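Working notes, beginning with the structure itself.
Numbering (my numbering), first residue to last: 20 to 198.
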């Protein structure tokens with residue numbers, strides 16, 4: 020909650036305090052995963068975040084979806100596109116968790132990051148292939164779905180599929196209106 024409110028440094032101090040107070044900080048994998056997520060949001064702290072991601076992977080219990088999201092975003096920001104694709108696919112290659120809103124948002128975000136990584140590496144058609152098969156109603160009222168539809172529209176426009184691009188962009192606009 021502190022990090023989402025823009026108080027990242029305070030959240031980091033609190034997380035480190037929890038880990039420092041315990042004789043075995045490995046008992047708090049979610050705290051470690053959260054530290055990685057917070058660090059990933061701060062400029063220049065990506066390497067620190069990846070250290071926490073790697074520590075968490077060695078422990079039972081941390082949310083693999085959260086770790087995959089942190090890792091994918093860090094690699095994408097660093098321009099390590101194959102690693103970003105690999106990390107995003109850990110979650111986005113599975114069936115979407117439609118009953119879990121937070122899980123669905125993360126899935127949609129990672130699916131878009133996968134496509135953006137392919138786009139940035141020059142593979143527009145492959146990026147379109149990641150996005151086009153998604154059911155139209157999947158997450159239709161969620162902001163990440165609107166962003167994903169907008170990305171698809173942009174990609175379709177780039178490859179000259181203008182009529183389909185317009186449909187995707189209109190869907191993105193209507194999804195944003197619902198959110």
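Glycine included, C-beta positions come from ideal geometry on N, C-alpha and C.
For clarity, every value in this text was computed on a predicted model and none was experimentally measured.
Exercise. Could you work out which residue in 155, 79, 72, 78 is closest to residue 91 when comparing CA atoms only?
Key: Taking the chain shown and counting its residues from 1, the one referred to as residue 91 is at position 72. Of the candidates 155, 79, 72, 78, the one whose C-alpha sits nearest the C-alpha of residue 91 is 72.
Quiz item: Do residue 58 and residue 67 come within 8 angstroms of each other at the CB atom, strictly closer than that value?
Solution: In the chain shown, counting from the first residue as 1, residue 67 sits at position 48. In the chain shown, counting from the first residue as 1, residue 58 sits at position 39. With respect to the 8 angstroms criterion, residue 67 and residue 58 are classified as neighbours on the basis of their beta carbons.
Quiz item: For the 8 angstroms Cβ check, are there 3 or more pairs between the segment 148–166 and the segment 117–133?
Solution: Using a Cβ-Cβ distance cut-off of 8 angstroms, the segment 148–166 and the segment 117–133 are in contact, since at least three pairs of beta carbons, one from each stretch, lie closer than that value.
Quiz prompt | Segments of 4+ residues assigned as alpha helix (DSSP H) that fall wholly inside the segment 105–182 | solution = Those alpha helix (DSSP H) runs which fall completely within the segment 105–182 and span 4+ residues are 120–139, 143–150, 162–177.
Quiz item: Any chance the segment 114–126 sits against the segment 134–150, with 3 or more Cβ pairs inside 8 angstroms?
Solution: Note that the segment 114–126 does not touch the segment 134–150; fewer than 3 beta-carbon pairs, one per stretch, sit closer than 8 angstroms.
Practice problem: Take residue 37 and list the residues in its own chain whose beta-carbon comes closer than 7 angstroms to its own, dropping the five residues that flank it on each side. | Solution: To locate residue 37, count along the chain shown from 1; it is residue 18. Residues 47, 50 of the same chain have their beta carbon placed closer than 7 angstroms to that of residue 37, with the five preceding and five following residues left out of the count.
Quiz item: Helix or strand or just coil, what does DSSP make of residue 94?
Solution: The count along the chain shown starts at 1 and reaches residue 94 at position 75. If DSSP states are grouped into helix, strand and coil, residue 94 belongs with the helices.
Exercise. Could you tell me the boundaries of the alpha helix (DSSP H) in which residue 63 lies?
Key: As a first step, residue 63 is located in the chain shown; it is residue number 44 there, counting from the start. Taken as a continuous stretch (DSSP letters only), residue 63 belongs to no alpha helix (DSSP H), as it is neither H nor E.
Quiz item: Do residue 150 and residue 123 come within 8 angstroms of each other at the CB atom, strictly closer than that value?
Solution: Taking the first residue of the chain shown as position 1, residue 123 is located at position 104. Taking the first residue of the chain shown as position 1, residue 150 is located at position 131. No, they are not a contact pair.
Practice problem: Report the three-state DSSP secondary structure of residue 189 (helix, strand or coil). | Solution: For the purposes of this step, residue 189 is taken as the residue at position 170 of the chain shown. Residue 189 sits in a helix when the DSSP states are folded into three classes.
Quiz item: Is the CB-CB distance between residue 88 and residue 60 below 8 angstroms?
Solution: In the chain shown, counting from the first residue as 1, residue 88 sits at position 69. In the chain shown, counting from the first residue as 1, residue 60 sits at position 41. Not in contact: residue 88 and residue 60 (Cβ atoms no closer than 8 angstroms).
Quiz item: If you drop the 5 nearest sequence neighbours on each side, which residues of the same chain put their C-beta closer than 6 angstroms to that of residue 178?
Solution: As a first step, residue 178 is located in the chain shown; it is residue number 159 there, counting from the start. Correct list, in chain order: 143.
Quiz prompt | Reduced DSSP category for residue 26 - H, G, I as helix; E, B as strand; rest coil | solution = Counting from 1 along the chain shown, the entry for residue 26 is found at position 7. Residue state, collapsed to three classes: coil.
Practice problem: Using beta-carbon positions only, say whether residue 146 and residue 169 come within less than 8 angstroms of one another. | Solution: Residue 146 sits at position 127 when you count from the first residue of the chain shown. Residue 169 sits at position 150 when you count from the first residue of the chain shown. No, the Cβ-Cβ distance between residue 146 and residue 169 is not below 8 angstroms.
Quiz prompt | Pairwise C-alpha distance: residue 193 and residue 98 | solution = Here residue 98 refers to the residue found at position 79 when the chain shown is read from its first residue. Here residue 193 refers to the residue found at position 174 when the chain shown is read from its first residue. As the crow flies, the alpha-carbon of residue 98 is around 32 angstroms from that of residue 193.
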